[in-house]
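Peer 1: First the structure, which I've put down as structure tokens, then a few questions once you've had a look.
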Amino acid sequence: MWNISVPWWEIVLRGIIVYVFLILLLRITGKRQVGQLAPFDLVLLLVLSNSVQNSMNAGDNSLIGGLISATTLVGLNYLVGMATYRSKKLEAMIEGRPQVIVHNGKLFDDVMSRSQLTHHELNAAIRRAGCSSIDKVQLAVLENNGAISVVALQGAKDGEIPGSPVS
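In structure tokens:
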């Protein structure tokens, strides 16, 4: 329970390597994968965490080894958070940038395909914003966290008459 089978520094190094690998892997898969977890995405993350466990602890099942791995991951996550806070360039590399999907009713299909965003997901976000169609959207943005922000054209929300006073 208390005796680790590999040197502590090896567990730290393995944790760092796996953490960086997973950040790169999740960054490549896109914003939608991380920000909007469908049931199969959640299952993937759970299985993924189990699949990299042995690569982090080198088969060590001791309590100390687990605590070292956990401390390494939490510490590394804190450092990455601080680094992305201080460097906009690093933030863009790790978290990406928001992407405009719709501007003044014009849909950008290339952004949708790069982001693997379906029309169903976009239409659901547009309806949540109170619009019935893309032509009533001034701006729709795929945020870094995978959420879709929608701004309706002024007076274009359903039930409103353009030019009439809002009550």
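In numbering that gives the first Met the number 0, the protein residues as written are 0 to 166. Idealized CB from N, CA, C, for every residue including glycine.
1) Just to confirm before moving on: does the CB-CB distance between S148 and V140 stay below 7 Å?
2) So what does DSSP say about V5, is it helix, strand or coil?
3) Please report the distance separating the alpha-carbon of L243 from that of E142.
4) Can you have a look at Q32 and say buried or exposed, based on whether 16 or more other CB atoms are within 10 angstroms of its CB?
5) Where does S148 sit, in a helix, a strand or coil, going by DSSP?
6) May I ask you to report which of helix, strand or coil DSSP gives Q137?
7) Distance check for W1 and L62, CA to CA, integer angstroms please.
8) Going by beta carbon distance, what residues of the same chain come within less than 8 Å of R96, once the five residues before and after it are set aside?
9) State the DSSP-derived secondary structure class of Q98, mapped to helix, strand or coil.
10) In terms of residue numbering, what span does the alpha helix (DSSP H) encompassing G129 cover?
11) In whole angstroms, what is the alpha-carbon distance linking V150 and Q137?
12) Determine the contact status of G104 and D59, defining contact as a CB-CB distance below 7 Å.
Peer 2: On the basis of the coordinates in this document:
1) In the sequence shown, counting from the first residue as 1, residue 148 sits at position 149. In the sequence shown, counting from the first residue as 1, residue 140 sits at position 141. Going by C-beta atoms, S148 is nearer than 7 Å to V140.
2) Position 6 of the sequence shown, counting from 1, holds the residue named residue 5. Here V5 sits in coil by DSSP.
3) There is no way to answer for residue 243, as the model of the chain reaches only from 0 to 166.
4) Your numbering for residue 32 matches position 33 in the sequence shown. Residue confidence for Q32 is low, a pLDDT of 47 falling below 50, so the modelled location carries little weight; the figure read from the coordinates is stated next. Note on Q32: 16 or more other CB atoms within 10 angstroms of its CB, so buried under the neighbour-count rule.
5) Here residue 148 refers to the residue found at position 149 when the sequence shown is read from its first residue. S148 falls in the strand class under three-state DSSP.
6) As a working note, residue 137 is residue 138 in the sequence shown. Reduced to three states, the DSSP call for Q137 is strand.
7) Residue 62 sits at position 63 when you count from the first residue of the sequence shown. Residue 1 sits at position 2 when you count from the first residue of the sequence shown. Roughly 6 Å between the two C-alpha positions.
8) As a position in the sequence shown, residue 96 is number 97, starting the count at 1. Counting only Cβ-Cβ distances below 8 Å, and skipping sequence neighbours, we find N143.
9) One-based indexing of the sequence shown puts residue 98 at position 99. In the three-state reduction of the DSSP assignment, Q98 falls in the strand class, which pools E and B.
10) Taking the first residue of the sequence shown as 1, we reach residue 129 at position 130. No alpha helix (DSSP H) contains G129, which DSSP labels as neither H nor E.
11) Taking the sequence shown and counting its residues from 1, one reaches residue 150 at position 151. Taking the sequence shown and counting its residues from 1, one reaches residue 137 at position 138. Rounded to whole angstroms, V150 to Q137 spans 6 Å at the Cα level.
12) As a position in the sequence shown, residue 104 is number 105, starting the count at 1. As a position in the sequence shown, residue 59 is number 60, starting the count at 1. Not in contact: G104 and D59 (Cβ atoms no closer than 7 Å).
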